[in-house]
Amino acid sequence: MSLLDQRSRFTSQQKIALLLGGFVITLLVWWGLAEALSRQRPLVDIETRLPSTIVQDSSSEFHLNRDSLLLIDSLKLANATEFEKIYPLLPPPHLVVKAFPSLWKEDALIKNTWISIWRNLQGYFWAVFVALLLGFPIGLWPALRAMFGTQVDALRYLPLTALTGLFILWFGIGDSMKVAFLAFGILVYLLPVVVQRIGEVEDVFLKTTFTLGASNWQMIRTVYFPAVLSKLIDDIRVLTAISWTYIIIAELLNRDGGVGAMLFINGRQGNVDKVFGWLIVIILVGFLQDRLFIYLDRRLFPHKYYKTVFGGIKEVEYGFLVAAGTVMTYLLLGMFFPALTANLGNIVLILVITGIVMALYGEVKFQRSFQA
3 MSLLDQRSRF TSQQKIALLL GGFVITLLVW WGLAEALSRQ RPLVDIETRL PSTIVQDSSS
63 EFHLNRDSLL LIDSLKLANA TEFEKIYPLL PPPHLVVKAF PSLWKEDALI KNTWISIWRN
123 LQGYFWAVFV ALLLGFPIGL WPALRAMFGT QVDALRYLPL TALTGLFILW FGIGDSMKVA
183 FLAFGILVYL LPVVVQRIGE VEDVFLKTTF TLGASNWQMI RTVYFPAVLS KLIDDIRVLT
243 AISWTYIIIA ELLNRDGGVG AMLFINGRQG NVDKVFGWLI VIILVGFLQD RLFIYLDRRL
303 FPHKYYKTVF GGIKEVEYGF LVAAGTVMTY LLLGMFFPAL TANLGNIVLI LVITGIVMAL
363 YGEVKFQRSF QA
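Under my numbering, residues 3 to 374 are what the sequence shown spells out, in order.
The following block contains the structure:
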């Protein structure tokens, strides 16, 4: 079998072995680079008094003899009997792992991670909401597509990082600015995709519904909407990585919490091990989001993967709709009636948990039906 044969299939054991092998190789390369970039620092006694080369005159101004200070440093380096290895540029894997207890205690790991995740979810909601709201009319009506199609495609070329000043001017420096910036960053990619997906709907489905006498609204509801969403979920999943890039940029601006703020603070303090720890957190959260979108794609659009209808699919769909619909309603009410949502936190939490429990019940039922 050729090494370049794309049709190669591995067993489960082979996939696990290759995955572990790749992980080990990555760690070894990481460790080797860290060692190559390490430094040896002499261990010397730290003097609290000023050297004799720094004198203070009557006007309280310090005069520094730079050559003498360099000479003192050279003597300390020459007289040092013990050195310690430091990693100023790239910490090895074991130091990054050791940094996680400090991230938990000092940097509020869970709290700041959740702040970024919640901002990410809000940005996604508004981006998808606006993309569908604008994309469907533009994609469905030829006149609107002729008027705005080129402008929509051109949105992709906006230098979003250069627009941070405008978003601060429009929304201030609070959470609303961060969410708006993230939503816009996703929207400029998602809106052209929605228009494109509408144009990709197969004519056979449209002709069938037309022959059956479906109205325009029935055609949109039964053909366009399911067909577009079944493909759009893959596009949204791909944008997950981009969304984390933009939320980190937004959180760097006033640093009032979130992963981006912690990255900036630890970077300024020279805590390189903590910086890499936070980067690993971002990768793990992004990976979990990716798995979640893949799971939802298989359960919300089972016709793409299964030829047989299995039990439990409806329960998973209803559970997701309850949880997602509750959050969406909460965000919409908060946009237009902020005072109304102030006391709805517990109700929203109960409804979201109910939806998750319903989806879990449906998943158990699906697994039993699938294995039967």
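For glycine and all other residues, C-beta sits at the position ideal for the given N, C-alpha and C.
Model, not experiment: these values are computed from the prediction.
State the Cα-Cα distance for the pair G327 and A252, rounded to the nearest angstrom.
27 angstroms
Can the beta-carbon of V196 be found less than 8 angstroms from the beta-carbon of V230?
yes
Does the count of Cβ pairs from the region 23–43 and the region 84–94 closer than 8 angstroms reach three?
yes
Minimum C-alpha distance to D237 - residue among F266, E317, D299 and W106:
D299
Where does T115 land, buried or exposed, given buried means 16+ other C-beta within 10 angstroms?
buried
Nearest candidate by alpha-carbon position, reference G272, set T152, I296 and P90
P90
Look up I175 in the DSSP assignment and say whether it is helix, strand or coil.
coil
Taking only three categories from DSSP, how would you classify K17?
helix
Excluding the five sequence neighbours on either side, which residues of its own chain have a C-beta within less than 8 angstroms of the C-beta of L362, listed in chain order?
G321
Assess contact between the region 262–277 and the region 140–157, defined as three or more Cβ pairs (one per stretch) separated by less than 8 angstroms. Is contact present?
no
Which residues DSSP lists as bridging F127, in chain order
For F127, which the question treats as bridged, DSSP gives no partner whatsoever.
Which of helix, strand or coil does DSSP assign to E319?
helix
Provide the residue span of the alpha helix (DSSP H) that contains F278, from first to last.
V274 to L302
Cβ neighbour criterion (16 or more within 10 Å) applied to L105:
buried
G364 to Q373 span [Cα, whole Å]:
14 angstroms
Under 8 angstroms by Cβ, that's how I've got I282 and V26 pegged, so tell me the actual separation to the nearest angstrom.
At roughly 17 angstroms, the Cβ-Cβ gap does not stay under 8 angstroms, so I282 and V26 are not in contact.
Just checking my contact of G215 with A243 at CB under 8 angstroms: how many whole Å lie between their CB atoms?
Not a contact, Cβ separation roughly 45 angstroms.
Exposed unless 16 or more other CB atoms sit within 10 angstroms - verdict on N348:
exposed
In whole angstroms, give me the CA-to-CA distance for P139 and A341.
32 angstroms
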